[in-house]
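Visitor: Structure provided below as structure tokens; questions to follow.
Numbering (this note's numbering), first residue to last: 509 to 649.
In structure tokens:
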């Protein structure tokens, strides 16, 4: 068995582009009820996963005891690429990764972004798909 068995293809996944403005990205996530969404660049390469907390961290930063709020006027012109953390807490897996590695990744993440040899985002594997398979390995997803 391979990762493709669990894959929800990019054409069925909602994602954001890294040059999306913050207000549009927030509206998108709120409208669809997502707490995390894959972010790709215009070439289709996976960049990071943006989480609700990334917006909060950008808008309200602390340095010790001081709280610093971002200026709403300038925040509206920022792009997702401006607020993404340096470290991806939802790292992607390669399409050819061993299934055991994929299973371990789904224990820590609601979904795992999947990339090809060029780093291009090709879809996700959801924790739900993996659990459904484990509960009924002989049945359909």
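Each residue gets a CB set at the ideal place from its N, CA and C atoms; glycine is no exception.
Taking contact to mean 3 or more Cβ pairs, one atom from each stretch, closer than 8 angstroms, check whether the region 599 to 619 and the region 632 to 639 are in contact.
Guide: Put simply, the region 599 to 619 touches the region 632 to 639. At least three CB pairs are less than 8 angstroms apart.
Visitor: Measuring straight from C-alpha to C-alpha, what distance separates residue 631 and residue 584?
Guide: 29 angstroms
Visitor: Between the region 640 to 647 and the region 520 to 528, can you find at least three pairs of beta-carbon atoms closer than 8 angstroms?
Guide: no
Visitor: On a CA-only basis, which of 568, 610 and 590 is nearest residue 514? Give me that one, please.
Guide: 610
Visitor: Going by C-alpha to C-alpha distance, which of 595, 524 and 627 sits closest to residue 544?
Guide: 524
Visitor: What are the start and end residues of the beta strand (DSSP E) that includes residue 572?
Guide: Per DSSP, residue 572 belongs to no beta strand (DSSP E) and is neither H nor E.
Visitor: Determine the direct distance from the alpha carbon of residue 532 to that of residue 649, and round the result to whole angstroms.
Guide: Bear in mind that a pLDDT of 48 at residue 649, under 50, signals an unreliable position, so the number given afterwards is only what the model happens to contain. Approximately 33 angstroms, taken between the alpha carbons.
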